[in-house]
Amino acid sequence: MSSVLIVQPYSWKSLHSQPPVLTIQTTCSGATTLKLSPGRHVFSIHTKAALGYHVRLCSETPFTFGDEEAVMSQLTKESARFTDQASSIWRGLSRLVSSFSDEQDQPAARGTLEEAHCPQNINTPQEKRKHRKALGRKLTSEERFAVVALTIDPSLLANDPKIHSPTLDGASKPPESWSDREPTDGEVKAAVVLQAAFRGHSARKILNASKSGTKEKLTASKIFLDMWPKVESDAAKHAALLLRYIIDHSEGAELYPCQRDEWTRVTFADYSVSLPDAADSWVLVFREVFQVHKEMQLVPKVYSPVPNCLLHVINNDTGEELDMLFNKVAPHVYRPNKLGYSFVAEALTPESLPSGAKWRMRLIGTREHLPKLSRKTPLNVFSVKELRDYYVPNDKNLTATFPCACDCRRPGNNSVSDFQGRRIDPSVRSGPGEAGRRQYREGSRGNSCLLLPGQQSP
């Protein structure tokens with residue numbers, strides 16, 4: 001009787017199954033070598049054996065093998081290639097700053113930095129400007145001058161209109177005679193002359209800052225002596241922020257080798273609540289609104305001691321429920337909206353429920369700043385109204401009609417209806433209607449369970 005071991009790439013952010021990279025089929029024992037390309041890889045290992053198996057993994061480099069908790073916690077960190085490249089750029093930048101007063105070492109230090117931060121086939125001088133992000137704030141005019149003197153590229157001053165375009169206040173508005181009119185040819189020529197003179201002045205000032213013994217050189221050196229220790233106080237963090245900023249603002253980001261490891265990187269947040277102490281019944285487990293402030297792909301995953309548990313996600317702006325696949329919420333790109341997204345979990349509890357059972361949802365994304373709850377902690381106690389009676393369907397197969405008044409003035413006020421009868425799939429319909437009349441406009445439909453997301457009142 002043969003046994004099988006299958007190794008295939010795995011990602012929590014995709015439901016697509018990728019072809020195996022290794023398959024071993026044997027009736028006794030077997031071994032093979034799997035050669036991997038440079039970078040970070042995530043695999044799932046599947047084994048099938050009639051009686052039992054023993055698997056031994058050996059590698060020349062460190063790796064993590066274990067359950068989902070052990071592996072996913074490692075994937076929140078940057079990959080080794082990313083860390084190595086960030087450290088290389090940081091060392092080049094530190095050498096360039098430390099040798100600012102050394103004219104002989106400056107060209108070599110500048111070449112080292114260029115080689116470290118510019119991937120192959122990329123040669124954009126604008127990249128030099130990116131390391132100002134290491135301070136975590138906007139640079140002052142003096143610090144900008146020091147940075148430009150360090151790179152000897154005056155064009156960087158003109159390539160940042162957000163910094164160098166002042167906002168006109170009430171006292172500096174142009175005179176009324178200039179409003180709603182086109183400048184004359186003489187005025188345009190005068191403006192061009194002034195701009196050219198300013199650029200020439202800036203270029204000469206920066207070139208003087210690169211020469212030893214000048215006043216500008218001493219000023220820039222003093223600025224670096226005050227600024228750089230603050231940056232180097234947390235070098236690893238700033239190195240990662242620097243490379244991440246360069247990649248996010250580079251047109252050739254895909255040419256960075258470390259970018260090939262991005263598909264393995266995850267960020268997650270857990271939300272857990274206690275299951276209600278109600279045996280053999282339908283219960284509402286979780287109902288919260290999450291605000292999405294930036295477009296991102298998310299995958300919610302549920303860990304529940306109750307097998308019959310479903311999670312629903314509703315866009316509160318449109319009232320539509322997101323697609324599900326095999327009773328699970330499919331990966332989806334969440335976009336910012338007004339009322340957020342409602343995450344609602346329902347469950348059918350068994351006859352015997354474990355004491356202190358916990359339900360947990362994990363939101364999995366790629367980057368930091370995952371959606372946040374509209375409140376500090378999730379609630380697990382809800383107002384429930386239950387109606388039980390015997391009903392006989394009429395000639396239109398209508399079993400029962402219940403009026404319900406809901407306060408939907410606040411975003412995220414959701415109503416959840418569960419209907420159970422002799423049939424396992426009763427059709428439930430809900431919609432706004434008029435009191436005293438049995439005419440209901442088209443609303444939501446569902447089988448057994450119906451979710452009514454909160455909407456803004458008209």
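Position 39 (the sequence shown) corresponds to 39 in the UniProt record's numbering; numbering is contiguous. Built from N, CA and C at the ideal position, the CB exists for glycine as well.
State the Cα-Cα distance for the pair residue i and residue j, rounded to the nearest angstrom.
i           : j           : result
residue 304 : residue 248 : 37 angstroms
residue 132 : residue 243 : In this predicted model, residue 132 has a pLDDT of only 44, less than 50, meaning its place in the structure is not dependable enough to derive any value.
residue 5   : residue 327 : 28 angstroms
residue 35  : residue 111 : 35 angstroms
residue 45  : residue 298 : 24 angstroms
residue 20  : residue 60  : 22 angstroms
residue 235 : residue 16  : 38 angstroms
residue 99  : residue 222 : 13 angstroms
residue 183 : residue 189 : 10 angstroms
residue 11  : residue 333 : 16 angstroms
residue 361 : residue 233 : 37 angstroms
residue 412 : residue 339 : Here the model assigns residue 412 a pLDDT of 49, short of 50, so the residue's position is not dependable, and the following value carries that caveat. Looking at the two C-alpha atoms, the distance is approximately 7 angstroms.
residue 399 : residue 391 : 6 angstroms
residue 114 : residue 92  : 8 angstroms
residue 68  : residue 294 : 27 angstroms
residue 386 : residue 402 : 12 angstroms
residue 321 : residue 51  : 45 angstroms
residue 330 : residue 263 : 17 angstroms
residue 191 : residue 176 : 19 angstroms
residue 372 : residue 384 : 26 angstroms
residue 216 : residue 369 : 41 angstroms
residue 393 : residue 53  : 57 angstroms
residue 376 : residue 318 : 25 angstroms
residue 37  : residue 300 : 30 angstroms
residue 194 : residue 218 : 28 angstroms
residue 302 : residue 118 : 42 angstroms
residue 225 : residue 107 : 20 angstroms
residue 62  : residue 349 : 43 angstroms
residue 367 : residue 241 : 13 angstroms
residue 237 : residue 77  : 12 angstroms
residue 363 : residue 382 : 23 angstroms
Measure from the C-beta of residue i to each C-beta in chain D and report whether the shortest distance is under 8 angstroms.
i           : result
residue 268 : The structure shown contains no chain D; it holds only a single protein chain.
Which residues does DSSP list as the beta-bridge partners of residue i?
i           : result
residue 473 : The question about residue 473 has no answer, for the chain in this structure spans 1 to 458.
residue 25  : 4
residue 459 : Residue 459 lies beyond the stretch modelled for the chain, which goes from 1 to 458, so this question has no answer here.
residue 361 : 271, 302
residue 469 : The structure shown does not extend to residue 469, since the chain spans only 1 to 458, so no value can be given for it.
residue 309 : 347
residue 288 : 343
residue 328 : 325
residue 9   : 43
residue 48  : 4
residue 372 : 291
For residue i, I'd like the list of residues in its chain whose CB is within less than 7 angstroms of its CB, leaving aside the five on either flank, ordered along the chain.
i           : result
residue 258 : 79, 81, 82, 85
residue 57  : 65
residue 105 : 99
residue 14  : 331
residue 464 : This structure gives no information on residue 464, because the portion of the chain shown stretches from 1 to 458.
residue 388 : none
Less than 6 angstroms between C-beta atoms, sequence neighbours within five positions excluded: which residues of the same chain meet that for residue i?
i           : result
residue 160 : Here residue 160 scores only 49 on pLDDT, less than 50, and its place in the model should not be relied on; the value that follows carries that caveat. Cβ within range, chain order: n/a, list empty.
residue 468 : Because the chain in this structure spans residues 1 to 458, residue 468 falls outside the shown range and cannot be described.
residue 2   : 25, 27
residue 109 : 95, 96, 99
residue 18  : 8, 9
With C-beta atoms as the reference, is residue i less than 8 angstroms away from residue j?
i           : j           : result
residue 9   : residue 55  : no
residue 116 : residue 88  : yes
residue 296 : residue 365 : yes
residue 498 : residue 352 : Nothing about residue 498 can be read from this structure; the chain reaches only from 1 to 458.
residue 355 : residue 316 : no
residue 40  : residue 180 : no
residue 273 : residue 380 : yes
residue 378 : residue 245 : no
residue 90  : residue 239 : yes
Can you name, in chain order, every residue of its own chain whose Cβ lies under 8 angstroms from the Cβ of residue i, other than the five neighbours on each side?
i           : result
residue 32  : 22, 24
residue 336 : 292, 293, 294, 295
residue 74  : 64
residue 229 : none
Would you call the region 260-268 and the region 285-297 in contact, with 3 or more CB pairs under 8 angstroms? The answer is no - the region 285-297 does not touch the region 260-268, with fewer than three Cβ pairs under 8 angstroms.
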